[in-house]
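Visitor: This is the structure I have questions about; it appears just below.
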Amino acid sequence: MLLVDRITLREVRLPLKEPFRISSGVVTERRIFLLELHDAGGISTWSECVAGEQPNYTAETIDTAWYAIEKWIAPRVLGVRFDGPEGVHTELNRDLRGHPMAKAAVEMGCWGLAATAEGIPLSKRIGGTRDRVATGISLGIQANPDALVQRATAALAQGYRKIKVKIAPGSDIAFVRAVRDALGHDIHLMADANSAYRLSDADHLAQLDEFNLIMIEQPLGADDIRQHAELQRRLRTPICLDESITSVDRARDMIALGSGRIINIKPGRVGGYAASLAIHDVCQQSGIPVWCGGMLESGVGRAYNVALASLPYFTLPGDLSPSARYWERDLVAPEWTMDADGMVPVPRSRPGIGVTVDMDRVNALTARITTLAPAMQAVA
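Next comes the structure, spelled out in structure tokens:
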């Protein structure tokens, strides 16, 4: 039985070690949205809303998510008895459209709370089987190919199992060619366009076929399925859909139309764990590989991604870089680490999410805070 009786919302400002650039913008400081959920028995856990500062990856932002949780989402959970976290997704989607990242923050927190209350690791609670998961690195757009090669070479030396390079028109073919030539043809290399191209760019994108990429991620529109199917017929390189997959039904559409051959499951993007598990199962039944992407999360959000990536059919390295990749100091202890083989440990010996929030660090960085109770009386 699950009964959430209090949720505290916090925004913290966490500077990145260096700017991170994709086709739609640059991030230098992460406004991180944390939730602390408490049950009626005094047990608590943390979760994270992965919405960004601007509506450039999805329509959601940290500010719209904050409002949606306060106004519509939290009231559907607070003080309500659930048999377990499995039922939260259905309740949050009953006559409430959109806001998947806001919903995911609450829904995933309920899974974390249930695992903590049951005294088992989150990864085990959702069916994970691995005690280590392979990780790759995501490299932002660089000023020139040589700069990208330097970053990719250093990442390979650190042990990363997959190198993902962000691309955009004018920063694509020559950049990917330079990295492939420098690293050799046996290294797992992929490109991520974040919807920077149109179908009319198909001949240009077909030049990427010569580089033996494991995939090109989301080349076309963020909400597109049909045109990706046409593009996939013109490319040898597998297309991986990210932004386009917002539900298990969208995953089924992709598979039916042949719009791609791989799916990146970001639990925040699809509305939480229940949807992620459903997509995982559909892809397993259809032979579509899946992997777990990242959204510049703190160590709290990383805990949920690592647990998800421990599921048996996550067959490709995820974007699960250790804390030191992005932050001088993370918000959790222990911080997330990666060994020399490019593997991140799954905390299988601790109940719940497997890390402890550093309250001194969080309090020092908190920009705003609100506590929600069943009567929905906000406490500043």
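This note's numbering runs 1279 ahead of the 1-based position in the sequence shown.
Even for Gly, the Cβ is constructed at its ideal location relative to N, Cα and C.
Can you tell which of Thr1307, Glu1308, Leu1295, Gly1391 has its C-alpha closest to the C-alpha of leucine 1282?
Guide: Start at 1 with the first residue of the sequence shown, and residue 1282 comes out as number 3. Nearest option by C-alpha distance: Gly1391.
Visitor: Rounded to a whole number of angstroms, what is the C-alpha to C-alpha distance between isoleucine 1534 and histidine 1559?
Guide: Residue numbering aside, residue 1534 sits at position 255 when the sequence shown is read from its first letter. Residue numbering aside, residue 1559 sits at position 280 when the sequence shown is read from its first letter. One C-alpha to the other measures close to 13 Å.
Visitor: Measure the alpha-carbon distance for arginine 1360 versus aspartate 1318 and round it to whole angstroms.
Guide: Residue numbering aside, residue 1360 sits at position 81 when the sequence shown is read from its first letter. Residue numbering aside, residue 1318 sits at position 39 when the sequence shown is read from its first letter. Rounded to whole angstroms, arginine 1360 to aspartate 1318 spans 10 Å at the Cα level.
Visitor: Taking the C-alpha atoms as reference points, what is the distance between alanine 1453 and aspartate 1618?
Guide: Here residue 1453 refers to the residue found at position 174 when the sequence shown is read from its first residue. Here residue 1618 refers to the residue found at position 339 when the sequence shown is read from its first residue. About 31 Å.
Visitor: Count the other C-beta atoms from every protein chain shown that fall within 10 angstroms of the C-beta of glutamate 1332, then say buried if there are 16 or more, exposed otherwise.
Guide: For the purposes of this step, residue 1332 is taken as the residue at position 53 of the sequence shown. Result: exposed.
Visitor: Rounded to a whole number of angstroms, what is the C-alpha to C-alpha distance between threonine 1369 and leucine 1418?
Guide: Mapped onto the sequence shown, residue 1369 falls at position 90. Mapped onto the sequence shown, residue 1418 falls at position 139. The alpha-carbon atoms of threonine 1369 and leucine 1418 are separated by roughly 36 Å.
Visitor: Roughly how many angstroms lie between the CA atoms of asparagine 1642 and glycine 1388, to the nearest whole one?
Guide: Within the sequence shown, residue 1642 is the residue found at index 363, counting from 1. Within the sequence shown, residue 1388 is the residue found at index 109, counting from 1. Using only the alpha carbons, I get a separation of about 20 Å.
Visitor: State the CB to CB distance for the pair alanine 1381 and isoleucine 1348, rounded to an integer number of angstroms; the pair is presumed to be in contact (CB under 8 Å).
Guide: Counting from 1 along the sequence shown, the entry for residue 1381 is found at position 102. Counting from 1 along the sequence shown, the entry for residue 1348 is found at position 69. Indeed, because the Cβ distance is near 5 Å, the residues count as touching under 8 Å.
Visitor: Are there 16 or more other CB atoms within 10 angstroms of the CB of serine 1555, so buried, or fewer, so exposed?
Guide: On the sequence shown, position 276 is the one that residue 1555 refers to. Buried, since its Cβ has 16 or more Cβ neighbours within 10 Å.
Visitor: Quick test of your reading: arginine 1540 and isoleucine 1518, contact by CB under 8 Å. State the CB separation rounded to the nearest angstrom.
Guide: Against the sequence shown, residue 1540 aligns to sequence position 261. Against the sequence shown, residue 1518 aligns to sequence position 239. Right, their Cβ atoms sit about 6 Å apart.
Visitor: Would you check if the distance between the CB atom of valine 1356 and the CB atom of valine 1385 is smaller than 9 Å?
Guide: Residue 1356 sits at position 77 when you count from the first residue of the sequence shown. Residue 1385 sits at position 106 when you count from the first residue of the sequence shown. Yes; because the gap between Cβ atoms is below 9 Å, this pair is in contact.
Visitor: Buried or exposed: which applies to aspartate 1374, given that a residue is buried once 16 or more other Cβ atoms fall within 10 Å of its Cβ?
Guide: Looking up residue 1374 in the sequence shown gives position 95. By the neighbour-count rule (16 or more Cβ atoms within 10 Å), aspartate 1374 is not buried but exposed.
Visitor: Taking its Cβ as the centre, do 16 or more other Cβ atoms sit within 10 Å of threonine 1307, making it buried, or is it exposed?
Guide: By one-based count along the sequence shown, residue 1307 stands at place 28. The residue in question, threonine 1307, is exposed, as its Cβ has fewer than 16 Cβ neighbours within 10 Å.
Visitor: For serine 1474, which option in Glu1496, Gly1566, Pro1613, Thr1645 has the closest C-alpha, if you only look at C-alpha atoms?
Guide: By one-based count along the sequence shown, residue 1474 stands at place 195. Of Glu1496, Gly1566, Pro1613, Thr1645, the residue nearest in Cα terms is Glu1496.
Visitor: Are the segment 1474 to 1489 and the segment 1509 to 1518 in contact at 8 Å, needing three or more beta carbon pairs?
Guide: Yes, they touch.
Visitor: Please work out which residues of its chain come closer than 8 Å, Cβ to Cβ, to threonine 1645, disregarding the five sequence neighbours upstream and downstream, and give them in chain order.
Guide: Taking the sequence shown and counting its residues from 1, the one referred to as residue 1645 is at position 366. Answer for threonine 1645: Arg1289, Glu1290, Val1291, listed in chain order.
Visitor: Any idea if histidine 1378 is buried or exposed, counting beta-carbon neighbours within 10 angstroms, 16 or more meaning buried?
Guide: To locate residue 1378, count along the sequence shown from 1; it is residue 99. Buried, because 16 or more other Cβ atoms sit within 10 Å of the Cβ of histidine 1378.
Visitor: Any idea if proline 1591 is buried or exposed, counting beta-carbon neighbours within 10 angstroms, 16 or more meaning buried?
Guide: To locate residue 1591, count along the sequence shown from 1; it is residue 312. Burial call: exposed.
Visitor: Threonine 1594: buried (16+ other C-beta within 10 angstroms of its C-beta) or exposed?
Guide: As a working mapping, residue 1594 is identified with position 315 in the sequence shown. Per the 10 Å Cβ criterion, exposed.
Visitor: At which residue ranges does the segment 1429 to 1483 contain complete beta strand (DSSP E) runs of 3 or more residues, listed in the order of the chain?
Guide: For the segment 1429 to 1483, whole beta strand (DSSP E) runs of length 3 or above, ordered along the chain, are 1442 to 1445, 1468 to 1471.
Visitor: Assuming tryptophan 1390 is part of the alpha helix (DSSP H), what are its boundary residues?
Guide: Position 111 of the sequence shown, counting from 1, holds the residue named residue 1390. First-last of the alpha helix (DSSP H) with tryptophan 1390: 1379 to 1397.
Visitor: Considering serine 1417, what are the terminal residues of the alpha helix (DSSP H) in which it resides?
Guide: One-based indexing of the sequence shown puts residue 1417 at position 138. Serine 1417 -> not in any alpha helix (DSSP H); beta strand (DSSP E) instead, spanning 1416 to 1418.
Visitor: To the nearest angstrom, how far is the alpha carbon of aspartate 1471 from that of threonine 1635?
Guide: By 1-based counting over the sequence shown, the position of residue 1471 is 192. By 1-based counting over the sequence shown, the position of residue 1635 is 356. If I take the Cα positions, the gap works out to 32 Å.
Visitor: If we call anything under 9 Å between Cβ atoms a contact, is proline 1415 one with histidine 1483?
Guide: Here residue 1415 corresponds to residue number 136 of the sequence shown, with the count starting at 1. Here residue 1483 corresponds to residue number 204 of the sequence shown, with the count starting at 1. Looking at the sequence provided, one finds glycine at residue 1415 rather than proline. For glycine 1415 and histidine 1483, no; Cβs fall outside 9 Å.
Visitor: Give the secondary structure of tryptophan 1606 by DSSP, where H, G and I count as helix, E and B as strand, and everything else as coil.
Guide: On the sequence shown, position 327 is the one that residue 1606 refers to. Of the three classes helix, strand and coil, the one that applies to tryptophan 1606 here is coil, per DSSP.
Visitor: Using a 10 Å radius around the Cβ and a threshold of 16 neighbouring Cβ atoms, would you call methionine 1280 buried or exposed?
Guide: Locating residue 1280 in the sequence shown gives position 1, where the first residue counts as 1. By the 10 Å Cβ count, methionine 1280 comes out exposed.
Visitor: If you measure between the beta carbons of isoleucine 1632 and tryptophan 1325, is that distance less than 9 Å?
Guide: Counting from one through the sequence shown, the residue named residue 1632 turns up at place 353. Counting from one through the sequence shown, the residue named residue 1325 turns up at place 46. Yes.
Visitor: Grouping DSSP H, G and I as helix and E and B as strand, with all else coil, what is asparagine 1664?
Guide: An answer regarding residue 1664 cannot be provided, because it is not within the stretch 1280 to 1659 covered by the chain.
Visitor: Using the C-alpha atoms, what's the distance from alanine 1383 back to glycine 1547?
Guide: Locating residue 1547 in the sequence shown gives position 268, where the first residue counts as 1. Locating residue 1383 in the sequence shown gives position 104, where the first residue counts as 1. Computed Cα separation, rounded: 5 Å.
Visitor: Is the beta carbon of leucine 1599 sitting closer than 9 Å to the one on tyrosine 1552?
Guide: What you label residue 1599 is simply residue 320 of the sequence shown in a count that begins at 1. What you label residue 1552 is simply residue 273 of the sequence shown in a count that begins at 1. It is not a contact, given that the beta carbons lie outside the stated cut-off.
Visitor: The beta strand (DSSP E) with serine 1323 in it runs from where to where?
Guide: Indexing the sequence shown from 1 puts residue 1323 at position 44. Note, serine 1323: beta strand (DSSP E), 1323 to 1328.
Visitor: Distance check for alanine 1501 and proline 1613, CA to CA, integer angstroms please.
Guide: Indexing the sequence shown from 1 puts residue 1613 at position 334. Indexing the sequence shown from 1 puts residue 1501 at position 222. Their backbone Cα atoms lie some 35 Å apart in a straight line.
Visitor: Quick one: what's got a C-beta closer than 6 Å to methionine 1469's C-beta in the same chain, skipping five residues either side?
Guide: In the sequence shown, counting from the first residue as 1, residue 1469 sits at position 190. Excluding sequence neighbours, methionine 1469 sits near Lys1443, Leu1492, Ile1493, Met1494.
Visitor: Let's test the definition: count the other Cβ atoms within 10 Å of the Cβ of serine 1628 and tell me whether it reaches 16, buried, or not, exposed.
Guide: Position 349 of the sequence shown, counted from the first residue, corresponds to residue 1628. Exposed.
Visitor: Would you identify the three-state DSSP class for aspartate 1620, choosing helix, strand or coil?
Guide: Taking the sequence shown and counting its residues from 1, the one referred to as residue 1620 is at position 341. Coil, per DSSP.
Visitor: Per DSSP, glycine 1597 forms a beta bridge with which residues?
Guide: Looking up residue 1597 in the sequence shown gives position 318. Beta-bridge pairing links glycine 1597 to Thr1414.
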